[in-house]
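> Chains as they are written, first to last, in the numbering used here: chain Z, 1 to 165; chain S, 1001 to 1114.
We treat Cβ as the ideally placed atom computed from N, Cα and C, and that holds for glycine.
To start, I am sharing the structure in question, which I have written as structure tokens.
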Amino acid sequence: MTVHSGAARVGDLDVSRPVGYTEDMNTTSPPVAPPKSGGRLLLWTGILAAILGPVVYALELHAARLTTPWYAPALTTLGAILIIVSLRRRFSVWRVAALLLIGAVTAGEWWFLLSHARLPAYTGPVAEGHPFPEFSAARADGTPFTRDNLVGDEDTVLVFFRGHW
Amino acid sequence: MIELGQLEARHQDFDSRHVRVVAVSLDGLDGSTKTQNKFPHLVVVSDKKKSLAMAAELIAPQHSPAGGDTVAPTTVLIDRRGEVRWLFRPDRFIERLSPDQVLEAVDEQLPAGG
């Protein structure tokens, strides 16, 4: 005759535990499903940040504010960084495409402001305290406009303008 | 053109200071006439031969959107004796002085009618 210590047994059945009990139930819990977003919020925030700069600049132009929009490349750079982070969360061809596109826009914006749009410092002959150099131009009605026309009863604001701005 | 629109809108502030605004571009007479009609309180000058821009050395070669020459945006204050009192050139061609900044410079550089 076999003598059991601890739990009482009837044949091979352990009656001290409920029917259907297994050791696993006592030590583990069901696995939690991973979040499905996978950085989707980061991706869209990045895309929106990249779009926001040009949109705000267009609104500034509409409001006739002619300043340098440093916020545009800064926001696009932020957008590219957010897309890189989202890409690390989940790799997809679309995210790579978005990163390439916004990366190119970022580079273009920085190049435009730091290089293309820059004007060299003025080193010409127009100097404070000196007469304006001689020239010969025409008013819109075709009548001559020369240096002599700068002398008279009024002071002059001479504005050299170009393009849309 | 945004800049000219802003200056046109403030023409009374310039008139009250006995200051006229002369707007110069490399446009021909046709283009300048259109600009003049759009901004009747400014004096629009056609500098198609680049005489004025070259005299002041303000040509920006191959810097127009179409790749041709254009002028570097510049603002010059000239008193009624024809003497230069102030010159402003922005760091970038997309920047301009606001009318308030121009009027502030006028008040500072051309006080009480120069």
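Taking 8 Å as the threshold (beta carbon to beta carbon), is E134(Z) in contact with chain S?
True, the Cβ-Cβ gap to chain S drops below 8 Å.
> Tell me which residue opens and which closes the beta strand (DSSP E) that S1046(S) is part of.
Segment V1043 to S1046, the beta strand (DSSP E) holding S1046(S).
> For the pair the segment 1072-1080 of chain S and the segment 1033-1051 of chain S, tell me if three or more CB-CB distances fall below 8 Å.
No: the two stretches stay apart, fewer than three of their Cβ pairs being nearer than 8 Å.
> For chain S, find out if any of its Cβ atoms is closer than 8 Å to the Cβ of E60(Z); answer yes or no.
False, the Cβ-Cβ gap to chain S never drops below 8 Å.
> Could you work out which residues of chain Z lie near R1081(S), taking near to mean beta carbons separated by less than 7 Å?
Going along chain Z in sequence order, the residues near R1081(S) (Cβ under 7 Å) are V151.
> Once you ignore the five residues that flank R9(Z) on each side, which residues in its own chain have a CB closer than 6 Å to its CB?
With a pLDDT of 48 at R9(Z), under the threshold of 50, the modelled position of this residue cannot be trusted; read the value that follows with caution. So the list is empty, once near-sequence residues are dropped.
> So is V15(Z) buried or exposed if we call it buried at 16+ other beta carbons inside 10 Å?
Unreliable placement is indicated for V15(Z), whose pLDDT of 49 sits below 50; the coordinate value is still reported in the next sentence. Answer is exposed; the Cβ neighbour count stays below 16.
> Based on Cα-Cα distance, which residue from V1106(S), P1040(S), L1077(S) and S1016(S) lies nearest to E1008(S)?
Per the Cα distances, P1040(S).
> Can you say whether V1102(S) is buried or exposed, counting buried as having 16 or more other CB atoms within 10 angstroms of its CB?
It counts as buried.
> Kindly say whether G124(Z), judged by its beta-carbon, lies nearer than 8 Å to any beta-carbon of chain S.
Yes, G124(Z) lies at the interface with chain S (some Cβ there is under 8 Å from its Cβ).
> Tell me which residues share the same chain as L75(Z) and place their Cβ nearer than 6 Å to its Cβ, disregarding the 5 neighbours each side in the sequence.
Answer for L75(Z): A49, L52 and G53, listed in chain order.
> Tell me whether the beta-carbon of V1044(S) lies closer than 8 Å to the beta-carbon of T1035(S).
Yes. Within cutoff.
> Answer with buried or exposed for H4(Z), where buried requires no fewer than 16 other C-beta atoms within 10 angstroms of its C-beta.
Residue placement at H4(Z) is flagged as unreliable, the pLDDT there being 47, under the threshold of 50; the coordinate-derived value follows with that caveat. Exposed, because fewer than 16 other Cβ atoms sit within 10 Å of the Cβ of H4(Z).
> Buried or exposed for L100(Z), going by 16 or more other Cβ atoms inside 10 Å?
That one is exposed.
> What span of residues does the alpha helix (DSSP H) with F1014(S) cover, start to end?
Its alpha helix (DSSP H) spans residues H1011 to S1016.
> State the beta-bridge partners of S136(Z) as determined by DSSP.
Beta-bridge pairing links S136(Z) to T146(Z).
> Which chain Z residues sit within Cβ distance under 7 Å of D1091(S)?
Correct list: R118 and L119.
> I need the boundaries of the beta strand (DSSP E) containing R95(Z), first residue and last residue.
That residue, R95(Z), is in no beta strand (DSSP E); its alpha helix (DSSP H) goes V93 to W111.
> Indicate whether at least one CB of chain Z lies closer than 8 Å to the CB of P1111(S).
For P1111(S), the answer is no, since every Cβ of chain Z falls outside 8 Å of its Cβ.
> Would you mind stating whether I1078(S) and F132(Z) have Cβ atoms separated by less than 8 Å?
A contact, by the Cβ cut-off of 8 Å.
> Comparing the C-beta of E1057(S) with each C-beta of chain Z, is any distance below 8 Å?
With 8 Å as the cut-off, E1057(S) counts as an interface residue toward chain Z.
> Can you pull the chain Z residues whose beta carbon is under 8 Å from the beta carbon of G1005(S), in chain order?
The contacting residues are A64.
> Look at the Cβ atom of G103(Z), then the Cβ atom of A80(Z), and state whether they are nearer than 8 Å.
Yes, they are a contact pair.
> Can V1106(S) and F160(Z) be called in contact, C-beta distance under 8 Å?
No.
> Under 6 Å Cβ to Cβ from M1(Z), same chain only, skipping five residues before and after it: list those, please.
With a pLDDT of only 45 at M1(Z), under 50, the local geometry of the prediction cannot be trusted, and the value read off the model is given with reservation. None.
> Would you please verify whether the beta carbon of E1008(S) is less than 8 Å from any beta carbon of chain Z?
Not one chain Z Cβ lies under 8 Å of E1008(S).
> For D1091(S) and P120(Z), what's the separation of their Cα atoms in angstroms?
Distance between the alpha carbons of D1091(S) and P120(Z): 7 Å.
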